[in-house]
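Peer 1: Protein chains in written order, with my numbering: chain X, 104 to 312; chain C, 104 to 312. Every residue gets a Cβ at the ideal spot worked out from N, C-alpha and C, and that includes glycine.
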DNA sequence: TCGTTATCTTAACGCTGTTAAGTATTGGAG
DNA sequence: CTCCAATACTTAACAGCGTTAAGATAACGA
C-alpha cells in the first residue's frame with residue numbers, strides 16, 4: 104500500500120520544482136518577473152499544470168516566502184537565549200533588518216503589499232505562520248521587559264510598544280527596499296541607519312536607571 | 104495671437120480631466136484599479152488619447168500624487184513658524200502621518216513602490232519636487248536642532264538623524280497602509296502608534312537637560 | 001489655397017493570470 | 001480481465017492589460 108505515499112512524494116517533488124523555478128525569478132527580479140508561463144518553462148510543464156499545485160500566482164510566492172522565513176525563525180531561536188530582554192530586543196531588531204536587507208523581494212511581498220484576507224485563510228494562517236510567530240516573539244520580549252520594569256512607566260501596553268518597535272525597524276528596511284536608489288537622498292549606510300534606529304528606539308523606551 | 108494661449112488652455116483642461124478621472128479611481132481603489140481604458144471611458148476619449156498628454160500610466164499617477172502633495176507642503180509652511188526645532192520636528196511628523204493616513208494610495212505609490220530612475224528624470228525631479236522638498240524641510244529642522252545642541256552629542260550627522268526620523272514615521276504609516284487589515288495583529292489606534300513613535304524617537308534623540 | 005501640425009481614433013501587438021474542455025494514465029472494484 | 005473513476009496533465013481560449021503604429025480630421029500659418 105505504498106502507492107499513496109509514492110503519489111504524495113511525487114506531488115511534493117513537482118511542488119518543489121515549481122517553487123525552485125519561482126524562487127530564482129523572484130529573488131533576482133521581483134514579483135512582476137515571476138510569470139506563470141516562465142515558471143512553466145523552467146520546469147518544462149504547461150502553465151496550467153501549476154494551478155494543480157497552487158491556487159494562484161500569489162499563493163506560489165507566499166509559499167516561497169514562508170519557506171525562506173523559517174531561516175529567520177531559526178535565528179530567533181538563538182536570540183531567545185539572550186538573558187537580558189533589552190539586549191534580546193536589540194538582537195531581534197538586528198536580525199530582522201538583516202533579513203529584510205538580504206531578501207528585499209520577500210520583504211516587499213510579505214510586509215509592503217496589502218492583500219485581502221478571507222475567513223478561511225485566517226484559519227490556515229493561525230497554525231505556525233512565521234510572520235505571526237515573529238511578531239509573537241517580539242511581543243514576548245516586550246512583555247518581559249515591561250514586567251521587569253525595564254521600560255518607562257508610561258509604556259505599559261506590550262502591544263503598543265511591540266508595534267512601535269516593529270514599525271521603527273520596518274521603516275528602515277522598507278525605505279531601503281523602496282527608495283535606496285533614489286538619487287535625491289544622500290542615503291547613509293544601511294547598517295548605520297539600523298544601528299541608530301535601534302539606539303534611538305531603545306533609548307527612548309528604557310527607564311533611566 | 105491668442106490662439107497659442109487658447110490651445111495651451113485646452114491642453115491643460117483635458118490634462119486636468121484625465122487627472123480627475125484617474126484621481127477618483129486611484130483614491131478609492133488603488134493603483135491597479137486605474138486602467139488607461141477606464142480613464143478614457145471616464146473622459147469620453149479613446150485610451151490612446153491619454154498618451155498624448157502623459158508618457159505612460161505611472162506618469163499620470165505620479166502627477167496626481169505631486170498635486171496632492173502640495174497640500175502637505177502647505178501645512179509645512181505653517182509648521183515652519185514653530186520656533187522650537189524639537190517641537191517643529193514633532194509637528195512635522197504628525198503632519199506627515201496624517202497625510203499618509205488620509206492618502207494611503209498616494210503614499211504607497213510615492214514611498215512604498217520602487218521605480219527606476221533615469222538621468223533625465225533626475226534633472227526634472229530636481230526642480231521643486233515635493234518629495235524632496237519635504238525631506239529637505241525635515242533635514243533643515245534636524246540641522247537646526249543639532250546646531251542648537253538639542254540632540255545627544257553622538258547624533259551629529261543631520262542626514263543620518265533625518266533619515267532615522269523619516270524611517271520611524273514611515274514605518275508607522277507604511278505598516279498601516281499594508282497591514283492594517285491583518286487579523287493576526289491586535290493593532291492599536293493609528294493616532295496612538297503615531298504618538299508613541301514620536302515620543303520614543305524624540306526622547307531617544309534629544310539631549311537630557 | 002495648400003501644406004503642416006496638433007489632436008485624436010481604430011486596430012492591433014504582445015503580454016498577463018486564469019479557466020474550460022479534452023486526454024492520457026493509473027489504480028482499485030466487481 | 002474489465003470497467004470506472006480519479007489523477008495529472010495539455011491545448012486552446014478568454015478577458016484584460018499597457019502601449020504603439022497607422023490613419024483620419026480639423027485647424028492654423030504661409
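Does DSSP put residue 164 of chain X in a helix, a strand or coil?
Peer 2: Residue 164 of chain X: helix per DSSP, three-state reduction.
Peer 1: Which first and last residues belong to the alpha helix (DSSP H) in which residue 210 of chain X is found?
Peer 2: It spans 207-214 - the alpha helix (DSSP H) in which residue 210 of chain X sits, taken as one unbroken run.
Peer 1: Is residue 309 of chain C near residue 189 of chain C, with beta carbons less than 8 Å apart?
Peer 2: In this structure, residue 189 of chain C lies closer than 8 Å to residue 309 of chain C by Cβ.
Peer 1: Can you give the Cα-Cα distance for residue 220 of chain C and residue 239 of chain C, rounded to whole angstroms?
Peer 2: Cα-Cα distance, rounded: 20 Å.
Peer 1: Answer yes or no: do residue 208 of chain C and residue 125 of chain C have a C-beta to C-beta separation smaller than 8 Å?
Peer 2: No, the Cβ-Cβ distance between residue 208 of chain C and residue 125 of chain C is not below 8 Å.
Peer 1: Closer than 8 Å, CB to CB, is residue 256 of chain C near chain X or not?
Peer 2: Chain X contact via Cβ: absent.
Peer 1: Which chain C residues sit within Cβ distance under 8 Å of residue 273 of chain X?
Peer 2: The answer, in chain order, is 274, 277 and 278.
Peer 1: One question on the structure: do residue 293 of chain X and residue 204 of chain X come within less than 8 Å of each other, judged by their Cβ atoms?
Peer 2: Contact: yes.
Peer 1: Please confirm whether residue 139 of chain X has its beta-carbon closer than 8 Å to some beta-carbon of chain C.
Peer 2: Residue 139 of chain X does not count as touching chain C.
Peer 1: Determine the chain X residues that contact residue 307 of chain C at a beta-carbon separation under 8 Å, and present them in chain order.
Peer 2: Per Cβ cutoff of 8 Å: 302, 303, 304, 305, 306, 307 and 308.
Peer 1: In whole angstroms, give me the CA-to-CA distance for residue 260 of chain C and residue 243 of chain C.
Peer 2: For residue 260 of chain C and residue 243 of chain C, the distance between alpha carbons rounds to 12 Å.
Peer 1: Pull up the distance between the alpha-carbon of residue 274 of chain X and that of residue 110 of chain X, whole angstroms please.
Peer 2: Looking at the two C-alpha atoms, the distance is approximately 45 Å.
Peer 1: Can you have a look at residue 283 of chain X and say buried or exposed, based on whether 16 or more other CB atoms are within 10 angstroms of its CB?
Peer 2: Residue 283 of chain X is exposed by the Cβ-count criterion.
Peer 1: By a C-beta neighbour count over all protein chains shown, 10 Å radius and 16 as the cutoff for buried, is residue 155 of chain X buried or exposed?
Peer 2: Exposed is the call here.
Peer 1: Can you tell me the Cβ-Cβ gap for residue 296 of chain C and residue 279 of chain X, rounded? I've got them flagged as a contact below 8 Å.
Peer 2: Not confirmed; about 21 Å, so no contact.
Peer 1: Need the endpoints of the alpha helix (DSSP H) that residue 290 of chain X sits in, please.
Peer 2: Here residue 290 of chain X belongs to no alpha helix (DSSP H), and DSSP marks it neither H nor E.
Peer 1: Could you have a look at residue 309 of chain X and say whether DSSP puts it in helix, strand or coil?
Peer 2: Reduced to three states, the DSSP call for residue 309 of chain X is strand.
Peer 1: With 8 Å as the threshold, decide whether the Cβ of residue 267 of chain C is near any Cβ in chain X.
Peer 2: Taking Cβ atoms only, chain X reaches closer than 8 Å to residue 267 of chain C, which makes this a yes.
Peer 1: Does the Cβ of residue 149 of chain X have 16 or more other Cβ atoms within 10 Å, making it buried, or fewer, making it exposed?
Peer 2: Classification of residue 149 of chain X: exposed, given that the 10 Å Cβ count is below 16.
Peer 1: How about residue 263 of chain X and residue 291 of chain C: are their beta carbons less than 8 Å apart?
Peer 2: In contact: residue 263 of chain X and residue 291 of chain C (Cβ atoms closer than 8 Å).
Peer 1: Quick one: is residue 246 of chain C near chain X, going by C-beta distance under 8 Å?
Peer 2: Not one chain X Cβ lies under 8 Å of residue 246 of chain C.
Peer 1: From residue 281 of chain X to residue 217 of chain X, what distance separates their C-alpha atoms?
Peer 2: Taking the straight line from one Cα to the other gives about 15 Å.
Peer 1: Count the other CB atoms, across all protein chains shown, that sit within 10 Å of the CB of residue 286 of chain X; report buried if there are 16 or more and exposed otherwise.
Peer 2: Flag for residue 286 of chain X reads exposed.
Peer 1: How many angstroms separate the CA atom of residue 200 of chain C from the CA atom of residue 276 of chain C?
Peer 2: Looking at the two C-alpha atoms, the distance is approximately 6 Å.
Peer 1: Nearest by alpha-carbon distance to residue 64 of chain X: which of X/192, X/206 and X/303 is it?
Peer 2: Outside the displayed span of chain X (104 to 312) sits residue 64 of chain X, for which this structure offers no information.
Peer 1: Between residue 234 of chain X and residue 213 of chain X, how many whole angstroms is the CB-CB distance? I'm expecting something under 8 Å.
Peer 2: So it is a contact: roughly 6 Å between Cβ atoms.
Peer 1: Is residue 152 of chain C near residue 143 of chain C, with beta carbons less than 8 Å apart?
Peer 2: Result yes, Cβ atoms of residue 152 of chain C and residue 143 of chain C sit closer than 8 Å.
Peer 1: Looking at C-alpha atoms only, which residue of C/253, C/289 and C/302 is the closest neighbour of residue 255 of chain X?
Peer 2: For residue 255 of chain X, the nearest C-alpha among the options comes from C/302.
Peer 1: Residues in its own chain within less than 8 Å of residue 249 of chain C by CB, not counting five upstream and five downstream?
Peer 2: Here the set comprises 258, 259, 261 and 264.
Peer 1: Measuring only between beta-carbons, confirm whether residue 169 of chain C sits less than 8 Å from chain X.
Peer 2: Chain X, which has no Cβ nearer than 8 Å to the Cβ of residue 169 of chain C, makes this no.
Peer 1: For residue 154 of chain C, report the span of its alpha helix (DSSP H) as first-last.
Peer 2: First-last of the alpha helix (DSSP H) with residue 154 of chain C: 150-156.
Peer 1: Between residue 121 of chain X and residue 172 of chain X, which are expected to be in contact by the criterion C-beta below 8 Å, what is the C-beta distance as a whole number of angstroms?
Peer 2: Rounded, the Cβ-Cβ distance is 18 Å, inconsistent with contact.
Peer 1: The alpha helix (DSSP H) spanning residue 265 of chain X covers which residue range?
Peer 2: Looking at the DSSP string, the run of the alpha helix (DSSP H) that includes residue 265 of chain X is 261-282.
Peer 1: Relative to chain C, which residues along the segment 207-223 of chain X have a C-beta separation below 7 Å, given in chain order?
Peer 2: Residues 214, 215, 216, 217 and 220.
Peer 1: Determine which residues share a DSSP beta bridge with residue 192 of chain X and list them.
Peer 2: Looking at the DSSP assignment, residue 192 of chain X forms no beta bridge with any residue, so it has no partner.
Peer 1: Report the rounded CA-to-CA distance for residue 175 of chain C versus residue 116 of chain C, giving the unit in angstroms.
Peer 2: In a straight line, the C-alpha of residue 175 of chain C is about 24 Å away from that of residue 116 of chain C.
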